[in-house]
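Visitor: Under our numbering, the first residue of the sequence shown carries the number 35, and numbering increases by one thereafter.
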Amino acid sequence: KIYEDVSDIPGLDYDFVIVGGGAAGNVVANRLTENPKFSVLLLEAGVSNEGVIDSIVPFFVNNLLGANIYEWNYTTVPQVGLNNRSVPYQRAHILGGCTAHNGMVYTRGSADDYDRYAAVTGDSGWSWDNMLPYFFKNEKWTPPVDHHDTNGQFDPAVHSTNGINSVSLNGFQWPIFQQHVQQATKELPGDFPFNLDFNSGKMLGVGYLQSTIGGGMRSSSATSYLAPKFAERPNLSVLLHAQVSKLVNPSKTNKGEITFGGVQFLQSGSLYTAKAKNEIILSAGSVGTPMILMHSGVGDQEALKALGIPSVLHLPSVGKNATDHPIFGGGTWLVNSTQTVDSIEQNTTRFNEAYAQWNESHSGPFVAIPDTHLGWSRLDADSEIFESIRDPASGPNAPHIEMAIGTGGGLTATPGNYMTLGMAVLTPTSRGSVTLQSNNPFDPPLIDLGFFTTEFDIFAARQAVQHAAKFASAPTWKNYIIAPTLDLTNLSTDALDDHIRNTAGVAWHLVSTASMSARNATYGVVNPDLLVKGASGLRVIDASILPFIPTAHTQAASYVVGERGADLVKQTWE
Ligand SMILES: Cc1cc2nc3c(=O)[nH]c(=O)nc-3n(C[C@H](O)[C@H](O)[C@H](O)COP(=O)(O)OP(=O)(O)OC[C@H]3O[C@@H](n4cnc5c(N)ncnc54)[C@H](O)[C@@H]3O)c2cc1C
């Protein structure tokens with residue numbers, strides 16, 4: 035059941051306490067309560083997702099991103115590589131976590147990414163082949179609501195219709211634009227080959243967008259993994275508005291490991307302690323999880339001491355290695371067509387018609403986001419950067435650059451019709467951190483993404499801008515594109531760097547702040563079974579454990595961390 039008030043829940047003693055109801059936490063809550071013998075309490079700081087229309091209608095994807103009750107409302111520290119700008123750093127404060135407000139883009143990453151996880155942890159369970167069954171447990175491939183012919187737009191062999199979380203191709207088409215994109219892949223097959231399905235593990239090329247959307251609505255971890263189970267699972271309790279501050283009552287086991295007696299949380303101004311007989315599972319995400327660990331005395335002992343937090347377990351890697359994808363414009367072009375998403379965004383009558391259609395039948399333009407395709411590319415193997423830097427990609431199938439191909443100029447465009455190519459560096463070598471500013475668990479943390487602090491990352495960004503220009507130069511666009519809104523191709527290197535540093539933002543794909551490493555490694559936070567090194571009865575199951583950022587948007591990776599993590603817990607306790 036789902037509870038809003040601590041006085042309504044059936045006690046504070048459970049077999050498992052899970053902290054955070056996001057992508058991974060809700061998977062773990064669902065899978066553990068498949069066993070009727072396990073009692074589970076899931077503590078979520080945020081609010082209910084029930085009836086939050088901006089979290090339901092796919093087209094409203096950006097509405098939740100401002101400062102509001104659905105967000106933690108974080109801002110990064112000034113970023114040296116962004117010309118000292120601080121940028122808003124969205125994290126969801128709502129059941130479903132970031133799956134309740136993310137862009138819904140569904141990308142698994144490269145097979146090489148997972149094979150590298152297996153190699154660095156010494157656990158073949160994290161390899162692509164061994165993780166594929168978990169992608170299948172997560173994914174419920176769903177026909178798009180417009181029932182268009184999807185032949186040639188994806189590869190059914192690499193998808194599953196038996197999972198839980200809906201994934202589909204766009205349920206609304208922009209045919210003229212899409213035909214040009216397809217034609218561009220034929221005209222420039224060297225740089226932009228068509229890829230039938232970039233979720234096959236072999237990502238390179240341009241393919242149709244896949245999203246976590248089903249029946250014209252967002253499919254989040256709350257709507258797919260939790261809501262359908264409340265009625266049938268008396269062993270599942272979810273408490274909202276419960277912000278965990280720290281783990282309490284540490285003691286030593288006879289093996290010398292640290293174990294915690296409970297989880298302290300705040301609700302309506304009062305502190306409570308929930309107890310876990312078997313395990314405490316941290317799934318508070320790449321910001322929340324390291325924060326809780328550090329406030330509990332698990333982290334770098336010197337840094338904690340400086341803040342007056344007694345050290346319980348010295349794990350210097352907590353909060354380090356923070357890695358995210360910088361995103362920036364590859365270009366926006368004014369186009370010679372009225373068939374773009376601007377025609378809806380800029381016209382109140384059409385906007386209202388589209389909303390009415392969605393309300394009536396969950397169909398029409400509001401069932402999709404404006405991107406129609408994604409492109410994945412590698413830097414040239416003979417790029418000068420590789421003379422001084424080893425290729426940071428996980429392998430030859432992993433891209434360095436992403437190109438999101440979308441109709442429209444975005445919400446801030448001046449009236450007109452546009453197309454936009456949004457770029458990301460997928461293999462950044464810059465690293466940041468999540469640290470504490472005080473010993474008060476309710477103070478926001480210091481989030482440093484470290485963006486563009488290495489030569490590789492800015493080099494890759496420059497190449498990405500050139501790459502977008504190349505795509506837009508395909509002959510098919512000749513009578514479609516009128517002009518770029520800003521010509522980036524004639525800028526000097528310094529001016530282009532400055533432009534990127536002044537405009538880049540974040541993809542919100544933070545990982546590695548409680549990184550997994552080999553069992554005998556002296557760095558890292560968790561072992562390959564996700565148990566915290568040096569602790570007992572404490573696991574981390576969320577995106578923070580990924581030792582490297584996937585070359586993809588990170589929700590699919592977070593879901594499978596949840597799926598495999600739940601299996602690891604079950605193997606221990608069943
Ligand atoms: C704006 C945005 C857009 C994105 N777009 C995409 C996209 O299009 N495609 C994609 O694949 N990925 C996208 N992502 C990334 C993806 O959603 C995340 O990688 C993924 O959700 C991470 O899962 P998680 O389980 O680690 O954490 P989360 O999903 O972040 O869940 C963590 C949960 O823990 C809760 N929590 C935190 N601290 C506490 C505490 N102290 N006490 C109690 N609860 C706590 C939070 O409120 C939250 O509900 C996006 C992310 C954002 C923010």
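All C-beta atoms, glycine included, are put in the ideal place defined by N, C-alpha and C.
Here the structure is a predicted model, which is why all the values come from computation and not from measurement.
So is the beta-carbon of LEU281 under 7 angstroms away from any non-hydrogen atom of ligand 1?
Guide: Working through the sequence shown from its first residue, we reach residue 281 at position 247. No, the Cβ of LEU281 stays beyond 7 angstroms of every heavy atom of ligand 1.
Visitor: Report the start-end ranges of each beta strand (DSSP E) in the segment 170-244 that is 3 residues or longer and not cut off at the edges.
Guide: 173-175, 199-203, 239-242
Visitor: Would you mind giving the Cβ-Cβ distance between LEU230 and ASP183, rounded to the nearest angstrom? I have them listed as a contact below 8 angstroms.
Guide: In the sequence shown, residue 230 corresponds to position 196, counting from 1. In the sequence shown, residue 183 corresponds to position 149, counting from 1. Their Cβ separation, rounded to whole angstroms, is 14 angstroms, which puts LEU230 and ASP183 out of contact at 8 angstroms.
Visitor: Would you tell me roughly how many angstroms separate the C-alpha atoms of TRP607 and LEU66, rounded to the nearest one?
Guide: Numbered from 1 along the sequence shown, position 573 holds the residue referred to as residue 607. Numbered from 1 along the sequence shown, position 32 holds the residue referred to as residue 66. Looking at the two C-alpha atoms, the distance is approximately 10 angstroms.
Visitor: From the DSSP output, which residues share a beta bridge with GLN325?
Guide: Walking along the sequence shown from the start, residue 325 turns up at place 291. A small correction: the amino acid at residue 325 is Met; Gln does not occupy that position in the sequence shown. DSSP output for MET325 lists no bridge partner at all.
Visitor: Looking at C-beta atoms only, is the number of pairs between the segment 436-445 and the segment 492-510 that lie closer than 8 angstroms three or more?
Guide: Cβ pair count under 8 angstroms is three or more, so yes.
Visitor: Along the beta strand (DSSP E) that carries GLN298, what are the first and last residues, could you check?
Guide: Here the question's residue 298 lines up with position 264 in the sequence shown. 292-301 is the span of the beta strand (DSSP E), which, as asked, contains GLN298.
Visitor: Enumerate, from N- to C-terminal direction, the unbroken alpha helix (DSSP H) stretches of 4 or more residues contained entirely within the segment 350-425.
Guide: 376-379, 382-395, 419-422
Visitor: Could you tell me the distance, in whole angstroms, from the CA atom of GLN207 to the CA atom of PHE170?
Guide: Looking up residue 207 in the sequence shown gives position 173. Looking up residue 170 in the sequence shown gives position 136. If I take the Cα positions, the gap works out to 27 angstroms.
Visitor: What's the gap between the Cα of LEU408 and the Cα of GLY568?
Guide: Your numbering for residue 408 matches position 374 in the sequence shown. Your numbering for residue 568 matches position 534 in the sequence shown. Distance between the alpha carbons of LEU408 and GLY568: 42 angstroms.
Visitor: GLU436 by DSSP, collapsed to three states: which one?
Guide: Taking the first residue of the sequence shown as position 1, residue 436 is located at position 402. GLU436 falls in the strand class under three-state DSSP.
Visitor: Is it right to say ALA517 is buried, meaning 16 or more other beta carbons lie within 10 angstroms of its own, or is it exposed?
Guide: Taking the sequence shown and counting its residues from 1, the one referred to as residue 517 is at position 483. Exposed, by the Cβ-count rule.
Visitor: Could you tell me how far apart the beta carbons of SER89 and ASN96 are, in whole angstroms, since I believe they sit closer than 8 angstroms?
Guide: Counted from its first residue, the sequence shown places residue 89 at position 55. Counted from its first residue, the sequence shown places residue 96 at position 62. Rounded, the Cβ-Cβ distance is 12 angstroms, inconsistent with contact.
Visitor: Kindly indicate which residue of ASN164, LEU270, SER234, PRO112 has the alpha-carbon position closest to the one of VAL74.
Guide: Here the question's residue 74 lines up with position 40 in the sequence shown. Closest option to VAL74, Cα to Cα, is LEU270.
Visitor: Do ASP358 and LEU483 come within 8 angstroms of each other at the CB atom, strictly closer than that value?
Guide: Here residue 483 corresponds to residue number 449 of the sequence shown, with the count starting at 1. Here residue 358 corresponds to residue number 324 of the sequence shown, with the count starting at 1. Yes. Within cutoff.
Visitor: Any heavy atom of ligand 1 closer than 7 angstroms to the beta-carbon of GLY54?
Guide: As a working mapping, residue 54 is identified with position 20 in the sequence shown. Yes, since a heavy atom of ligand 1 falls inside the 7 angstroms radius drawn around the Cβ of GLY54.
Visitor: Looking at ILE315: is its Cβ nearer than 8 angstroms to the Cβ of ARG573?
Guide: Counted from its first residue, the sequence shown places residue 315 at position 281. Counted from its first residue, the sequence shown places residue 573 at position 539. At the C-beta level, ILE315 and ARG573 come within 8 angstroms of one another.
Visitor: For SER244, count the other beta carbons within 10 Å of its own beta carbon; 16 or more makes it buried, fewer makes it exposed. Which is it?
Guide: Reading the sequence shown from its first residue, position 210 is the one you call residue 244. Note on residue identity: the sequence assigns Gln, not Ser, to residue 244. Buried, by the Cβ-count rule.
Visitor: Please go through the segment 520-595 and give each complete alpha helix (DSSP H) segment of 4 or more residues, from N-terminal end onward.
Guide: 527-537
Visitor: Inspect the beta-carbon positions of SER592 and THR287 and report whether they are closer than 8 angstroms.
Guide: Within the sequence shown, numbered from 1, the residue matching residue 592 stands at position 558. Within the sequence shown, numbered from 1, the residue matching residue 287 stands at position 253. Against a cut-off of 8 angstroms, the Cβ pair of THR287 and SER592 comes out as no contact.
Visitor: Can you tell me where the alpha helix (DSSP H) with LEU338 in it begins and where it stops?
Guide: Here residue 338 is taken as the residue at index 304 of the sequence shown, counted from 1. Per DSSP, LEU338 belongs to the alpha helix (DSSP H) from 335-340.
Visitor: Is it the case that the Cβ atoms of PRO430 and THR585 are separated by a distance below 8 angstroms?
Guide: Taking the first residue of the sequence shown as 1, we reach residue 430 at position 396. Taking the first residue of the sequence shown as 1, we reach residue 585 at position 551. Not in contact: PRO430 and THR585 (Cβ atoms no closer than 8 angstroms).
Visitor: By the three-class DSSP mapping on this structure, what secondary structure does GLU597 have?
Guide: Mapped onto the sequence shown, residue 597 falls at position 563. GLU597 falls in the helix class under three-state DSSP.
Visitor: With DSSP run on the structure shown, which of helix, strand or coil describes ASP477?
Guide: By one-based count along the sequence shown, residue 477 stands at place 443. Coil at ASP477, not helix or strand.
Visitor: With a Cβ-Cβ cutoff of 8 angstroms, do GLY353 and PRO284 count as a contact?
Guide: Here the question's residue 353 lines up with position 319 in the sequence shown. Here the question's residue 284 lines up with position 250 in the sequence shown. Against a cut-off of 8 angstroms, the Cβ pair of PRO284 and GLY353 comes out as no contact.
Visitor: So, helix, strand or coil for SER255, using DSSP?
Guide: The residue you call residue 255 lines up with position 221 of the sequence shown. Helix, per DSSP.
Visitor: Going by DSSP, what residue range makes up the beta strand (DSSP E) through VAL272?
Guide: On the sequence shown, residue 272 is found 238 positions in, with the first residue counted as 1. Per DSSP, VAL272 belongs to the beta strand (DSSP E) from 270-273.
Visitor: State the beta-bridge partners of ALA308 as determined by DSSP.
Guide: By 1-based counting over the sequence shown, the position of residue 308 is 274. Note: ALA308 sits in a beta bridge opposite VAL297.
Visitor: Out of HIS193, ASN60, TYR108, which has the shortest C-alpha to C-alpha gap to ALA134?
Guide: Start at 1 with the first residue of the sequence shown, and residue 134 comes out as number 100. Distance check between ALA134 and each of HIS193, ASN60, TYR108 places ASN60 closest, using alpha-carbon atoms only.
Visitor: Between the C-alpha atoms of LEU77 and PRO475, what's the straight-line distance to the nearest angstrom?
Guide: For the purposes of this step, residue 77 is identified with residue 43 of the sequence shown, where counting begins at 1. For the purposes of this step, residue 475 is identified with residue 441 of the sequence shown, where counting begins at 1. When rounded, the distance between both Cα atoms is 16 angstroms.
Visitor: Closer than 7 angstroms: is that where the CB of PHE486 sits relative to any heavy atom of ligand 3?
Guide: Ligand 3 is absent from the structure shown, which contains only ligand 1.
Visitor: Which one or two residues does DSSP pair with GLU313 in a beta bridge?
Guide: As a first step, residue 313 is located in the sequence shown; it is residue number 279 there, counting from the start. BP columns for GLU313 point to PHE50.
Visitor: Would you mind stating whether PRO360 and VAL540 have Cβ atoms separated by less than 8 angstroms?
Guide: The count along the sequence shown starts at 1 and reaches residue 360 at position 326. The count along the sequence shown starts at 1 and reaches residue 540 at position 506. Yes, Cβ-Cβ distance for PRO360 and VAL540 is below 8 angstroms.
Visitor: Does the Cβ of VAL597 lie closer than 7 angstroms to at least one heavy atom of ligand 1?
Guide: The count along the sequence shown starts at 1 and reaches residue 597 at position 563. Residue identity check: residue 597 is Glu in the sequence provided, not Val. GLU597: no, Cβ never under 7 angstroms from ligand 1.
Visitor: Quick check on this structure: which residue in PRO209, VAL111, VAL560, ARG465 has the alpha carbon closest to the alpha carbon of LEU347?
Guide: Along the sequence shown, one-based indexing puts residue 347 at 313. The option with the nearest alpha carbon to LEU347 is VAL560.
Visitor: Residue range of the beta strand (DSSP E) that TYR452 falls in?
Guide: As a first step, residue 452 must be located in the sequence shown, where it is residue number 418. Start and end: 452-459.
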